[in-house]
Amino acid sequence: MNDVIGYAPWLVGFPLIGAAVLLLGGRALDKWGHWIGVLASSASMILGLWLLFRMIGADPADRVVDHSLWTWLSAGGLDVNLALRLDPLSMTFVGLVTFVGWLIHLYSVEYMAHDPHRRRFFAYLNLFIAAMLVLVLADSYLVLFIGWEGVGLASYLLIGFWDHKRPNAVAAKKAFVMNRVGDMGLIVAMALLFAHTGALDYGTLLGSGASGTAAVDGLDQGTATAVGLALLLAACGKSAQFPLQAWLGDAMAGPTPVSALIHAATMVTAGVYLLVRSGPILDAAPTAQLVVVIVGSVTLIFGAIVGCAKDDIKKALAASTMSQIGYMMLAAGLGPVGYAFAIFHLITHGFFKAGLFLGAGSVMHGMNDEVNMRGFGALRHVMRLTAWSMFFGWLAILGIPPFSGFWSKDKIIEAAFVGEGWQPWVFGGAALIGAGITAFYMTRLMTMTFWGRPRWTEPEYHPHESPGLMVWPQVVLAVGSIALGGVLAFGDVFTTWLEPVVGTPGHHEPVLAVPVLMGATIGVVVLGAVIGYAMYRRDVPAEAPRGSVLTRAARRDLFQDTVNEGLVMKPGQGVTAVLVTADTGVIARGWATLAGGVAALGAWLRKAQTGYVRAYAASMAAGVLIIGVVIALVATLGQTAGA
Amino acid sequence: MTVPWLTTLVVFPLVAAVAVWLPGLVGSRRDGAGGAGLAKTTALTAALVEVLVLIGAFLEFDTATAAEYQLAETHAWIPQIGASYALGVDGVSLLLVALAVVLVPLVLAAAWREQGDNGLHLRRYLALVLILESLMVAVFAARDVFLFYVLFEAVLIPAYFLIGGFGQGPQRRRAAVKFLMFSLAGGLIMLAAVIALYFQVPVDPATGLRPEDAFLTTNLTGLELDPVAGRLMFAGFFIAFAIKAPLVPVHSWLPDVAGNATPGTSTLLICVLDKIGTFGMLTLCLPLFPEASRWAAPLVIALAVVSVLYGAIAAIGQTDLLRLVGWTSVSHFGFIILGIFTFTGLGTAGSAFMMLNHGLATGALFLTAGFLVARHPDRSQAIADYSGLRTVTPVLAGTFLVAGLATLSLPGLATFVSEIMVLVGAYGDTPGWALAAIPGVVLAAMYILLTYQKMFTGDVAEGLDRMPDIGRRERFVAAPLVVGLLVLGLVPQLALDYVDAPSARAVAGIEAVADVGAAGAADAGTPAEGNE
C-alpha cells in the first residue's frame, strides 16, 4: 500500500477541483459543466476502486496506512497533521461513496436536464463527494470534523437547491441547525479527549492496526462514557437518530438524487461510521454502549411506524432510512459482536436504498413530479426497468434470502439477541418487530406504486420509463441489492476484511437458537408483507382516511415537530424577545441614566460657578487633593510591596 | 542600515492623509467629480503601497523568535516621565498590524461611491481613514505603555468623526457620542492605572529618579506588586479593554455604532480597533499583572461566556442587518476573551488567531452587507426589506453565504480552527464554562442561516428584481478576504507560527505566579494534602 498511498489525496482532490471549477466558472459552463462534475466523480471512483483492490491484494498486516500531507495545527500542545488514514474501514467507505456517488452523478445528468442551474447542482454534488471522503479518510477527529460539517454544508446547499420556495430553504436550515446541535457532541468529545490524552489523532488515540498502544485504553470509565455519549450525540445529529431525527423527512425537499446519495446511502450513515471508528472508546464504556443500543432500537421502531403512514413516496423512504440506520446504531452499540455487521448493513443498505430512491425519482420523473402514492398504482406496466429494480430493492430491504439485506440485517437481529438478562429480549425483540413493520410499509409502498390499479388518468399524467442514463444506475444498484450481500458474506469475507480495524466478532450464542431466530424473522417479514399487500391491493382512496390515533400520530411524525416547537423553539423565541427588550430597556438605559447623572452633576457644578475666585480655588484644591490621595495611596501600596 | 519598518508603516498613511486632505495638493482645485476621483485613487494607492511595506516587514520578521519584540525602534520621548517612542512587534501584534493594513484598502474600495462626489467631504473621509490606519498600526506596535495609552485615546478622534460625520444611520451623531463616552470613561480609568503603574518602577538609588525608559513594557513586566495595588491597576486596564472589546455588560455602544456607521467604518472599528481591547488583555494585563489576572479570571471567564451567548441570542433577535453583524461580534469577542483568560497554551493561541480571523470573517460580512444596503432603493438596513435575492444576485448571495459560514466557524475556514482551539483549550481549564459556551456554535448557525433564509430565499421582494449582481470592484474587495479565510483554514499553521510562541510566553508568565502561589501555600502548612 505504501507505494500507492501518495495518490490517495487525489480522491478528494478531483471532486474538490471539480466543485471549484464549476462554482467559479460561471455561466460559461452552464451548457456542459455537468460533464466536468461527472468527470471529477469518475476519476475519484476509478482511483478509489483501484486503491481498494490494491488494499485487498495487500497483506492484511499492511492494510492500515497513514499518509500525512502537511502540519495542520501545531500550537499550545496540540499537534494535528492534515493526514489520511487508509484502512479497510475507510476504504470500504471510499468504495461505497465513490461508486454510488458516480452512479448518481450519471443519473443526475438526465434528472436535472431541464433545470437551469444544473451546473451549480453538480458543483454541490462534487463538493459533497470531496467532503464525505475527507470525513472517512481523516486520520484525526479534528480533520474528520472538516468533512463532517463539510457534508453538512453540501446537504444544506442541496436540500435548499430550490430555495426560491421558502419551505425548502426552511428545511435546509433545519437540517443544518439540528446537525449543529449534534456537532456540539463532537466538540465536547474532542475537548475531553484532548484534556485526558493530549491528542486528537487516531494513531495516538486508537492505535494503528493490530499493533501499537492506544491512548484511549488509559481512559477511566467515567471519561470514556462521557466521550462515548458525546460521540453518540454527534452521531444522532448526522444520522437522524432519536431525538435529533426531525430534519430528515423535511430534507426530502432536495432533488431526489440528493436524497438517494446523501440522505440515504452515505452522509446519514456517517454517525454509524463515527461510532464504529471510535469502537475502542465505546468498548470501555458499557453505559454509553447501552444508550447507543437504546437510541438505535427506539429509532428503528420510530422510523418504521412513521414509514407506515406516509403517502409521500420520498418521505416514506426517508422514514425507512432512519429506521434502517437505527439497526446499524443498534449493532454499533453491541460492541465487537456488532461493529462489522453495522458496517455490512450500511453497505448493503447503501445499495438497495439508493436504488429505491432512484426508483422513486424515476417514478416522479414520469409522473409530473408527483410524490403522493395515492395517485400512483399499476406503474409496473409503464416503467418496467424501474419497477424491476425497485422490486429487487424491496426484496433486499425485507431481508428475504438470498438478497443483500438478508445477510446483513439478519446478523444484526441475531446479535441483538446475544447477552444476558432483559436486554437481549427487549433489543432483539425490537429488531425483530421492526423487520415485520419494515416489510409492511415497504410492501405498502410497492403496492401503492407499482401494483394494484392505476389511479392516474391520461392525458393529465403520461407515465413513461426514464431515459437510459437514469435507468442504468438503477439496474446496477439492483444487481448490488441482489448479490452484494451474499458475495460479502461468503466465507465471512467482509468481517475478516474489517478485522484489522474493528476486531473479530467472535462467536456468541443468542438467547434463542439461530435457526429459530431466522425462522421467526422470515415469519414476521412474510406476515408484514402479506398484510401490506392485502390492505393496499384494491382500495386506495385518493384522500387518506382519517385513520386510527396511531396512524394520525405517525402521519405527523409522532409529533416530533410539535415537541421540538414546544420544548425548544417557542421558549427560545421567548428568551430572545426578552433579552433584546432587556438589553435596550435595562442595560442600555442603565448606562444612559448613569451618564445622565454625571451630566446633572456637571450642571450642578456649573451652577456653582458663582464667579468667586475663592470658590474656584477651593474646588480645584479639592480636585487636586482627591487625585493626589488616590495616586499616593496606590503608590504607597506599591512601594510597600516592592520593599 | 536597518529600515524602520514600523515607523514607515505609521508615518506613510499620515503623509498620505495630509496630501489628500490639504487643499490644493490632490485633486481639490474644483472639488468636482474629477478631483474627487483623484483623491480616491491617491488614498487607495497609498493604502496599497502600505501593504507592500507590510510585506517588507513580514520578510524581516523571524517566526523562530515570534515571542520576542522584533523590528524594534526605541527613541527617548519624554524622559522626565519615563516615556519613550518605542515600537516593536511580536507575532501577535504583527498579525494585528497586518489585519489593519490589509483591511484599509478593501474598505476604501468598498466605499468607493458611498461618500458621494462632494470633494471636501470625500477628502476628509479619506484622510480620516488613513489617519485611523496610522494610529491603529502604531497602537499595536507600541512597546511603551504611555505611548500605548496616548494612542489608545488618539484613535478615538478619527473614529468619532467617521461615525458621526460620515455614517449612514439617522442616529449616527448619537451613536458617535455614545461611543466616545464609553471609550473616554474607560480611558480615564486606564489613565489612573497608568500613572499608578509608573510609581511602581523602582527608583534608581544613585540618582533618586526613575529610569528614563520606565514605561517600556519590558521594564513594567515582572514588578513585584502589592496584591491590592496590582488588582486595582489590573482593573483600570481591564475595564478600558473590556469596553473596547466589548464585553457584556459594557457593550451597549457597539450595536448602535454598527447600525449607524457605514459598513466600512464598522469594519475598521469592530474588526480592527476593538482588537486593541483583547490585544491589551493578552499583551498588557497578563504580563503586567499576572497575579491579578489569575485572581480576576473566574469573573472574566463568566462574563466572557455570558457575552458568547448573550451576543448570539441578541443577534438572532435583530431586525437590522448591520446591527445583527455587530452583535455577532459581541459573541465572538466573548470567545476571544474566554480563550485568553483560561491561561492554556491552546486556548490563548486560539484567541490570538481568532483576533485575526474574526477581522477577516466579520469584515467580509460587514462589507457584503454594505453591498446589499447600497443596492436597495431605500438604502434599507431592515432584513425584512430583502427577500429572494439568491435568484437575482447569485454571486452576491454566495459571497454573503461564505462570509456567513466563516462567521459561524465552518470547518475548512480559518475561524473554525481558532474557535475549536479556544473551546478545547478552555475545557482543559474550566470544563463547566467551556461547556456553557459550546451552545454558542448552534446559535451562530441560527443567526447566520436565518438571515440568509430571510434575505436570499423565497419570493423576490418587490422592487428588488432588477438588483445588479456583484461588480468587479466588489469582487476585488471580497476575494482577498475569502481566499485568506480558506488558506488559513486549510493551512492554519501559517498564522499559528506567529501566535503560538507569544501565547505560550503569556501563559508561562501566569503559571510562574501560580507556582509561586502554590509553593507559598505549601509552605504555609498544608502538608497532609500536599501535591502528589
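Sequences listed follow chains R and Z, in order. No gaps in the numbering here: position 201 of the first sequence is 213 in this note's numbering, and each next residue is one more. No gaps in the numbering here: position 467 of the second sequence is 867 in this note's numbering, and each next residue is one more. Using N, Cα and C, we set each Cβ at its ideal position, and we do this for glycine too. A quick note: this is a predicted structure, and the numbers were derived from the prediction, not measured.
Partner residues on chain R for residue i, Cβ-Cβ distance less than 7 Å
i: glutamine 853 of chain Z; result: Ala181, Val182 and Lys185
i: isoleucine 736 of chain Z; result: Per Cβ cutoff of 7 Å: no residues; isoleucine 736 of chain Z is ~15 Å from chain R at best.
i: alanine 845 of chain Z; result: Phe188, Val189 and Arg192
i: proline 649 of chain Z; result: Ile599
i: leucine 810 of chain Z; result: Glu161 and Leu165
i: alanine 749 of chain Z; result: Ala87 and Gly88
Contacts that residue i makes with chain Z (C-beta to C-beta distance below 8 Å)
i: leucine 591 of chain R; result: Tyr710, Ile713, Ala714 and Gly717
i: arginine 178 of chain R; result: Gln853, Thr857, Gly858 and Asp859
i: threonine 83 of chain R; result: Gln893
Limits of the beta strand (DSSP E) - the one that residue i falls within
i: arginine 97 of chain R; result: 90-98
i: tryptophan 84 of chain R; result: 77-87
Cβ of residue i within 8 Å of any chain Z Cβ
i: glycine 350 of chain R; result: no
i: valine 200 of chain R; result: yes
i: threonine 588 of chain R; result: yes
i: valine 16 of chain R; result: no
i: phenylalanine 415 of chain R; result: no
Min CB distance residue i to chain R below 8 Å
i: tyrosine 827 of chain Z; result: yes
i: threonine 791 of chain Z; result: yes
i: proline 570 of chain Z; result: no
i: isoleucine 838 of chain Z; result: yes
i: valine 913 of chain Z; result: no
i: aspartate 462 of chain Z; result: no
i: methionine 821 of chain Z; result: yes
i: aspartate 900 of chain Z; result: yes
Backbone CA spacing between residue i and residue j [nearest angstrom]
i: alanine 187 of chain R; j: valine 528 of chain R; result: 41 Å
i: valine 860 of chain Z; j: glycine 788 of chain Z; result: 4 Å
i: phenylalanine 753 of chain Z; j: glycine 763 of chain Z; result: 15 Å
i: methionine 530 of chain R; j: phenylalanine 356 of chain R; result: 18 Å
i: threonine 398 of chain R; j: tryptophan 22 of chain R; result: 34 Å
i: glycine 739 of chain Z; j: glutamate 911 of chain Z; result: 15 Å
i: isoleucine 158 of chain R; j: alanine 419 of chain Z; result: 48 Å
i: leucine 409 of chain Z; j: glutamate 450 of chain Z; result: 7 Å
i: glutamine 257 of chain R; j: leucine 368 of chain R; result: 21 Å
i: valine 577 of chain Z; j: leucine 562 of chain Z; result: 12 Å
i: proline 298 of chain R; j: valine 76 of chain R; result: 27 Å
Contact set between residue i and chain R, taken where Cβ atoms lie within less than 8 Å
i: leucine 850 of chain Z; result: Lys185
i: methionine 581 of chain Z; result: Ala607
i: leucine 935 of chain Z; result: This structure cannot speak to residue 935 of chain Z, because chain Z is shown only from 401 to 932.
i: leucine 896 of chain Z; result: Leu85, Ser86 and Ala87
Rounded distance between the beta-carbons of residue j and residue i, thought under 8 Å
i: valine 650 of chain Z; j: phenylalanine 582 of chain Z; result: 7 Å
i: alanine 806 of chain Z; j: alanine 761 of chain Z; result: 4 Å
i: methionine 340 of chain R; j: leucine 358 of chain R; result: 5 Å
i: valine 802 of chain Z; j: glycine 726 of chain Z; result: No, valine 802 of chain Z and glycine 726 of chain Z are not in contact; Cβ-Cβ is about 20 Å, not under 8 Å.
i: methionine 482 of chain R; j: histidine 377 of chain R; result: 7 Å
Host alpha helix (DSSP H) of residue i (start-end)
i: isoleucine 355 of chain R; result: 348-378
i: glutamine 470 of chain Z; result: Taken as a continuous stretch (DSSP letters only), glutamine 470 of chain Z belongs to no alpha helix (DSSP H), being part of the beta strand (DSSP E) at 470-478.
i: valine 489 of chain Z; result: Looking at the DSSP string, valine 489 of chain Z is not in any alpha helix (DSSP H); the run it does join, the beta strand (DSSP E), is 483-489.
i: histidine 46 of chain R; result: 45-69
i: histidine 732 of chain Z; result: 721-741
i: tryptophan 174 of chain R; result: Where tryptophan 174 of chain R is concerned, there is no enclosing alpha helix (DSSP H), given that its DSSP letter is neither H nor E.
i: phenylalanine 452 of chain R; result: 435-462
Under 9 Å by beta carbon: chain R residues contacting residue i
i: threonine 744 of chain Z; result: Gly88 and Gly89
i: glycine 871 of chain Z; result: Those within 9 Å of glycine 871 of chain Z in chain R number zero; the least Cβ separation is about 14 Å.
Contacts of residue i in chain Z (Cβ-Cβ under 7 Å)
i: aspartate 175 of chain R; result: Arg790 and Thr857
Within chain B, the residues that residue i reaches when beta carbons sit closer than 8 Å
i: alanine 834 of chain Z; result: Of the protein chains in the structure, R and Z, none is chain B.
Where residue i meets chain Z, residues with beta-carbon distance less than 9 Å
i: alanine 207 of chain R; result: Val824, Tyr827, Gly828 and Pro831
i: tryptophan 22 of chain R; result: In chain order: nothing, as chain Z lies at least about 16 Å away.
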